[in-house]
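Trainee:
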Amino acid sequence: MRPKQLITPATLAFLAGLKRNNNRAWFSAHRADYERSRAEFIVLVDAVLAGLAHRDPRLLELDPAACVFRIYRDTRFARDRTPYKTHFGAFLSDRGRNIARAGYYVHVEPGESLIAGGLYMPPAAEVRAVRAALLDDAAGLRRIIGRRTFVAAFGRTLPGARLKTAPRDVPRDHPDLDLLQLKSYEVWREFPDRVVQGPHFAEQLMEYGLLLHPYVAWLNRALDRRTAAGS
Numbered sequence: 002m003r004p005k006q007l008i009t010p011a012t013l014a015f016l017a018g019l020k021r022n023n024n025r026a027w028f029s030a031h032r033a034d035y036e037r038s039r040a041e042f043i044v045l046v047d048a049v050l051a052g053l054a055h056r057d058p059r060l061l062e063l064d065p066a067a068c069v070f071r072i073y074r075d076t077r078f079a080r081d082r083t084p085y086k087t088h089f090g091a092f093l094s095d096r097g098r099n100i101a102r103a104g105y106y107v108h109v110e111p112g113e114s115l116i117a118g119g120l121y122m123p124p125a126a127e128v129r130a131v132r133a134a135l136l137d138d139a140a141g142l143r144r145i146i147g148r149r150t151f152v153a154a155f156g157r158t159l160p161g162a163r164l165k166t167a168p169r170d171v172p173r174d175h176p177d178l179d180l181l182q183l184k185s186y187e188v189w190r191e192f193p194d195r196v197v198q199g200p201h202f203a204e205q206l207m208e209y210g211l212l213l214h215p216y217v218a219w220l221n222r223a224l225d226r227r228t229a230a231g232s
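If you read the sequence shown in this note's numbering, its first letter stands for residue 2, the second for the next number, and so on.
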């Protein structure tokens, strides 16, 4: 793919301005900037989908715009009453956005852009499915997260939220307790603004996404096994 700048400085400037002026009047006055910035992000998401489809062709069926989260915050039960998110985010999975499924998350925000992969804070049934798979095949997951390229990209340990003790029916001296304690299964890689605005950002997202693919696939096999068993 020929390098091309997909996220311009104007998009980061819009998001920075929204963070400083998170109100409906400012947003309305900058509606055109929002639409242009969102369009840039959708093009970026489309490029990432095309790159990941080399490993998972089902991703080609996704509408990139449908993968993007709304910028409007749900403030009904929130202490923070600001009406807008100050980032663009998209979730990419083989079954769409609104499902408890392992996948990839692309996030653009000044100073906090990243790509993440895995299963973020899943419901209890999905957590049980992953733990069941770990009891059967923790070695398989360890091979994936222990690969040199994976460690270099995402670190040596899975950083997700975890229990303080062992799950029910799991002994405290279980050799895979570090994995069985997890309640969330995400890893991520951050990017500085200079990379986000550069011509190779989409390529880097694809490269890290492909590194994430075996991890995402292992988690989804765990979920699929639960579904096949009817649990």
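Quick reminder that beta carbons are idealized off the backbone N, C-alpha and C, glycines included.
#1: Please report the Cβ distance between Tyr121 and Glu187, rounded to the nearest whole angstrom; I am assuming they are in contact, meaning their Cβ atoms lie under 8 Å.
#2: Would you tell me roughly how many angstroms separate the C-alpha atoms of Ser185 and Pro176, rounded to the nearest one?
#3: How should Val197 be labelled, buried or exposed, when 16 other C-beta atoms within 10 angstroms of its C-beta is the threshold for buried?
#4: Please classify Thr150: is it buried, with 16 or more other beta-carbons within 10 angstroms of its beta-carbon, or exposed?
#5: Buried or exposed for Tyr209, going by 16 or more other Cβ atoms inside 10 Å?
#6: Taking Cβ to Cβ, would you say Ala103 is nearer than 7 Å to Asn24?
#7: If contacts are defined as beta-carbon pairs under 8 Å, then Pro168 and Leu181 qualify, I think. What distance do you get, rounded to the angstrom?
#8: Which residues in the same chain have their Cβ closer than 6 Å to the Cβ of Asp47, if we skip the five residues on either side of it in sequence?
#9: In three-state terms, what does DSSP make of Ala140?
#10: Tell me whether Leu19 is buried or exposed, calling it buried when 16 or more other Cβ atoms sit within 10 Å of its Cβ.
#11: Just list the residues that DSSP pairs Gly161 with in beta bridges.
#12: Going by the beta-carbon positions, is the gap between Thr12 and Ser38 smaller than 7 Å?
#13: Using CA atoms only, rank isn't needed, just tell me which of Arg157, Glu113 and Leu183 is closest to Thr166.
#14: So is Leu61 buried or exposed if we call it buried at 16+ other beta carbons inside 10 Å?
#15: Going by other Cβ atoms of all chains shown within 10 Å of its Cβ, with 16 needed for buried, is Val152 buried or exposed?
Mentor: Let me spell this out:
#1: For the purposes of this step, residue 121 is identified with residue 120 of the sequence shown, where counting begins at 1. For the purposes of this step, residue 187 is identified with residue 186 of the sequence shown, where counting begins at 1. Confirmed, about 5 Å.
#2: Residue mapping note: residue 185 aligns to position 184 of the sequence shown, counting from 1. Residue mapping note: residue 176 aligns to position 175 of the sequence shown, counting from 1. Taking the CA atoms as reference points, Ser185 sits about 19 Å from Pro176.
#3: Along the sequence shown, read from residue 1 onward, the residue named residue 197 stands at position 196. So Val197 ends up on the buried side.
#4: Residue 150 sits at position 149 when you count from the first residue of the sequence shown. Thr150 comes out exposed.
#5: Taking the first residue of the sequence shown as position 1, residue 209 is located at position 208. Label assigned to Tyr209: buried.
#6: Position 102 of the sequence shown, counted from the first residue, corresponds to residue 103. Position 23 of the sequence shown, counted from the first residue, corresponds to residue 24. Their beta carbons are not under 7 Å apart, which means Ala103 does not touch Asn24 by this criterion.
#7: Position 167 of the sequence shown, counted from the start, is the residue given in the question as residue 168. Position 180 of the sequence shown, counted from the start, is the residue given in the question as residue 181. Right, their Cβ atoms sit about 6 Å apart.
#8: Here residue 47 refers to the residue found at position 46 when the sequence shown is read from its first residue. Excluding positions up to five away in sequence, the list reads Pro65.
#9: Residue mapping note: residue 140 aligns to position 139 of the sequence shown, counting from 1. Note: Ala140 maps to helix in three-state DSSP.
#10: Numbered from 1 along the sequence shown, position 18 holds the residue referred to as residue 19. By the neighbour-count criterion, in which 16 or more other beta carbons inside 10 Å mark a residue as buried, Leu19 falls on the buried side.
#11: Residue numbering aside, residue 161 sits at position 160 when the sequence shown is read from its first letter. Among the bridge pairs identified by DSSP, Gly161 is matched with none.
#12: Locating residue 12 in the sequence shown gives position 11, counting from the first residue. Locating residue 38 in the sequence shown gives position 37, counting from the first residue. Yes, they are a contact pair.
#13: Indexing the sequence shown from 1 puts residue 166 at position 165. A check of alpha carbon separations from Thr166 across Arg157, Glu113 and Leu183 identifies Leu183 as the nearest.
#14: What you label residue 61 is simply residue 60 of the sequence shown in a count that begins at 1. By the neighbour-count definition (other C-beta atoms within 10 Å, threshold 16), Leu61 is an exposed residue.
#15: Here residue 152 corresponds to residue number 151 of the sequence shown, with the count starting at 1. Val152 is exposed by the Cβ-count criterion.
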